[in-house]
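Residue numbers (the numbering used here), protein chains in the order written: chain A, 319 to 595; chain B, 165 to 487. Glycine included, each C-beta is placed from N, C-alpha and C at the ideal position. Owing to the predicted nature of the structure, the values given are computational and were not obtained by experimental measurement.
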């Protein structure tokens, strides 16, 4: 797919993806709103600028791989895939409904989804296996994987991190959606992760810390991560949960609920306002 | 059925099941360059040393990471490789069950994983290391093939056959040498239970090393003029309902025998089939809902009732229940 390099265009796309997320979650009546909105910029950067991929040929052998380890933010993945052209946008309104290709957590019914995820820690473990497998076969495909910050309280994530560094998987970038929030509250109150950058460095990763809602920083960090040799990269992306809708920003209550009709209408108005400004 | 000469002898030849697994993987490695092996710090224990030596570039040591080994194996499979992974059954599927469920089974990945050192016959290591629940927790997973071969040769064949399957496959075997029951010429097909001895009075349906005990029990029962049919039910999933139901309908009584908890194990799988297709009285030989303990393998098999003599007792009991 042709790269979109114009930052303004990417930001506009991210805004449209946010609108899609709100619409699909209102229609679904359940789902994870906060993290989906918070990562719309990263997902836009990946699918419209960074990844080598072809929405018409999801199984293209030379593609880069993306694994959404924090599978609960499936709405942002689906909205991004639809906008990139993997399937018609009207499918988005079937999210979480019986018979849909858009399951509550991603699986391969949906074109463009590589692996089923949703049990936390497993996607990053899938990704290290994928990256190792590509290396064994001398393939150049690159692997990007997103993890939630709360997600890496799982021991499995650290097993996978150890594996990635041990095998010098420099064909792997793990992007951490660092919004400091999980269901029970602030990550540092629930189970402290800090000093996270230092921990990842100690685990053998090249660490890049960015504002994950700044398109320029996101694109630059992801592109830079491809050039790191003999180490996997950890992009510590500081994001705002619920980004783009003032009432929902930085509120853990919005981790796992969907907006009702009224809330959705208000949010869409705000997002459309940003589009015009 | 072509069985080994001493298959029903009191003094059978003995060999390791795990060597059958290891030898087959080396063979597969020679034939197929996409075969890779993962090991979690137990390479020689589960006989993966041969592959490691021959194909070091395709051997992946994960260290003591059973969960990561399982989910990463799904990633390897997704990249185009065919992973075989090995560790002890208590750790995988024991510890890696969620990874097995989501990454491997739900993802429909062609991953072949073994549960080594399964059963109480692992011996002195005690209950923590005696996997007696692995069949129960694997056979409930959609799309997973579950195999419990009976001896060295059959484990080799099961491993070779697993490569040709499309989805995930679990192969279970123990640590100790077990009686040689089958030969190179014995028929083996995943999903097809084999009648090792025909009979009319009772069906003894066994898997793993209990197949030998079942054959020996059938021989002991001849003295009482009881003609037992012995079935090697090596594929627990997909289960061969037709063969099992036909045998049960013919004999009218069934005893199952396995080195596993009777709750949820191979016998339960047989009961699920027969309850629908051919209900007959049943008895279940295996671990009777308790943990094991340290001891020599033979002592434990005796104490926990997984011997020919225990099958004989169960047969007599089930025959009494026939009328």
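Around the C-beta of residue 445(A), are 16 or more other C-beta atoms found within 10 angstroms, so that it is buried, or is it exposed? buried
Counting only C-beta atoms, is residue 226(B) closer than 8 Å to chain A at any point? yes
Would you verify that the beta carbon of residue 432(B) is, or is not, closer than 8 Å to some beta carbon of chain A? no
In whole angstroms, what separates the C-alpha of residue 336(A) from that of residue 432(A)? 22 Å
Among 360(B), 180(B) and 447(B), nearest to residue 380(B) - alpha-carbon criterion: 360(B)
Flag this pair as yes or no: are the beta carbons of residue 490(A) and residue 461(A) separated by less than 8 Å? yes
What residues in the stretch 469-487 of chain A have a beta carbon less than 7 Å from any beta carbon of chain B? 474, 477, 478 and 481
Mind checking who residue 179(B) pairs with in its DSSP beta bridge? 342(B)
Ordered along the chain, which non-local residues of its own chain (more than five positions away) have a Cβ less than 8 Å from that of residue 186(B)? 210, 211, 212, 213, 214 and 215
If contacts are defined as beta-carbon pairs under 8 Å, then residue 418(B) and residue 375(B) qualify, I think. What distance do you get, rounded to the angstrom? At roughly 15 Å, the Cβ-Cβ gap does not stay under 8 Å, so residue 418(B) and residue 375(B) are not in contact.
Against chain A: residues of the stretch 194-209 of chain B by CB proximity under 7 Å: 200
Touch test, the stretch 337-353 of chain A against the stretch 384-395 of chain A, Cβ-Cβ under 8 Å, three pairs minimum: yes
What's the call for residue 450(A), buried or exposed, on a 16-neighbour Cβ count within 10 Å? buried
So is residue 517(A) in contact with chain C if we call contact Cβ pairs under 8 Å? Judged by its chain identifiers, the structure shown contains no chain C, and its protein chains are A and B.
If you measure beta-carbon to beta-carbon, which residues of the stretch 226-250 of chain B are closer than 7 Å to chain A? 226, 229, 231, 232, 235, 236, 237, 238, 239, 240, 242, 243, 244 and 245
Just the chain B side, please: which residues come within less than 8 Å of residue 346(A) by C-beta, in chain order? Those do not exist, as residue 346(A) stays about 21 Å from chain B at its closest Cβ, beyond 8 Å.
DSSP three-state assignment for residue 470(A), whether helix, strand or coil: helix
Helix, strand or coil for residue 424(B) per DSSP? strand
Following the continuous alpha helix (DSSP H) through residue 561(A), name the residue where it begins and the one where it ends. First-last for residue 561(A): undefined, no H or E at that position.
Does any residue of chain A have a CB that is nearer than 8 Å to the CB of residue 262(B)? yes
Counting only beta-carbon separations shorter than 8 Å, does residue 285(B) have a partner in chain A? no
What are the start and end residues of the beta strand (DSSP E) that includes residue 524(A)? 524-529
So which residues on chain B does residue 548(A) lean against when the C-beta distance must stay under 8 Å? Under the 8 Å cutoff, chain B gives no residues; its nearest Cβ is about 18 Å from residue 548(A).
Buried or exposed, going by whether 16 or more other CB atoms sit within 10 Å of the CB of residue 274(B)? buried
Let me check one thing: in DSSP terms, what residues is residue 448(B) bridge-paired to? 420(B)
Per-residue burial, residue 263(B) [other beta carbons within 10 Å of its own, 16 or more giving buried]: buried
Beta-carbon proximity check, residue 529(A) vs residue 556(A), cutoff 8 Å: yes
Contained beta strand (DSSP E) runs [length at least 3] in the stretch 478-522 of chain A, N- to C-terminal order: 490-496
Since residue 448(A) and residue 383(A) should fall inside the 8 Å C-beta cutoff, what is the C-beta to C-beta distance between them, to a whole number of angstroms? 6 Å
DSSP three-state label for residue 409(A), please. helix
Between the C-alpha atoms of residue 188(B) and residue 395(B), what's the straight-line distance to the nearest angstrom? 25 Å
As a quick exercise: from 438(A), 319(A) and 492(A), pick the residue whose alpha carbon is nearest that of residue 399(A). 319(A)
Checking contacts by CB at 8 Å: is residue 445(A) closer than that to chain B? yes
Taking the alpha-carbon of residue 291(B) as reference, which of 206(B), 253(B) and 407(B) has the nearest alpha-carbon? 253(B)
Might you give, ordered along the chain, the residues of its own chain that have their beta carbon closer than 7 Å to the beta carbon of residue 136(B), omitting 5 neighbours on each side? Here chain B has residues from 165 to 487 only, and residue 136(B) is not among them.
In terms of DSSP beta bridges, what is residue 383(A) paired with? 461(A)
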